[in-house]
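In what follows, a structure is listed as structure tokens, so that the remarks can point back to it.
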Amino acid sequence: MADAPSPFPDVARTDTGVALVTPLYVGGPGHQRAEAERVLAPYRNGSLPEGFLSVSVFTSTEGENVLTYAQWTSDDAYRAFVREGGLGEPDENTTEPVRYKLYRGRVLEPGSVPTMLVPPVFDVDGRDRQRRSIDNLIDGPLGTPFPGLVASHFHISLDGTRVLNWAEWVDEDAHVGFMKSSRPKECLEAITMPGVRGIGGKRYVLAGAVTR
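Everything in the sequence shown is counted per this note's numbering, starting at 97 for the first residue and increasing by one.
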């Protein structure tokens, strides 16, 4: 019998102090699988170090990118892990994670199970723009259910420069339907203000996860 698929990370778990999000271009499906294994292999026996709550690796559906989402009790715990050599030898092909914390979220289909992640990012000028853009979306177009949109969990980067919408979908068809609707235009209008610039997001599926 095949193993049950890993669940998406519980991004709202209350013991999370910081979420480290690492996007990486790898160039092809084979490299995606290799990168996912590189990240997950040290922890498959459940030996997450102190302060490390979970790590989830997603691969983009176009076959070129990998996204890692790691939850820690605090940034200090992660930095101690790095100082102690927990990441192993430096790899020039990896990138530094972006440090986020959850700001607001809304579960729109509590009975549905997500299989597709679409995490668009906004480049913003400061903390006021972070919060205002999120509030406009959650209190506006993303506060109303859309078929197949399970949840939107908005994160703000600790340095005040980015917003991440961790949007969970039941499947790819649901997101395609959303993109063909009027909702994307409404979302764009909600964040159209000085100091907010959309970067975009890809579709991802979960490759694997380890959770404490």
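Glycine is no exception: its CB is placed at the ideal position from the N, C-alpha and C atoms.
**Request:** Compare the Cα-Cα distances from Y300 to each of V107, Q128, G207 and report the closest residue.
**Result:** Residue Q128 is the option with its Cα nearest to Y300.
**Prompt:** CB P105 to CB A305, shorter than 8 angstroms?
**Reply:** Contact: yes.
**Request:** Please report how far the alpha carbon of G124 lies from the alpha carbon of G159, in whole angstroms.
**Result:** G124 and G159 have their C-alpha atoms roughly 5 angstroms apart.
**Request:** Tell me the start and end of each unbroken beta strand (DSSP E) in the region 150 to 234 that is at least 3 residues and wholly inside, in chain order.
**Result:** As far as the region 150 to 234 is concerned, its whole beta strand (DSSP E) runs of at least 3 residues are 161 to 168, 194 to 203, 212 to 214, 217 to 220.
**Asked** Would the region 284 to 301 and the region 239 to 255 be scored as touching if the rule is three or more Cβ pairs under 8 angstroms?
**Response** No contact exists between the region 284 to 301 and the region 239 to 255.
**Message:** On the DSSP bridge list, what partners appear for N305?
**Reply:** First, the amino acid is wrong: residue 305 is Ala here, not Asn. Residue pairing of A305 in beta bridges, as defined by DSSP: S152.
**Request:** In the DSSP assignment, find the unbroken alpha helix (DSSP H) run with V135 in it and report its ends.
**Result:** Its alpha helix (DSSP H) spans residues 125 to 136.
**Asked** Out of curiosity, what's the CA-to-CA distance linking I142 and P216?
**Response** Note that residue 142 is Gly in the sequence shown here, rather than Ile. Approximately 30 angstroms between the Cα atoms of the pair.
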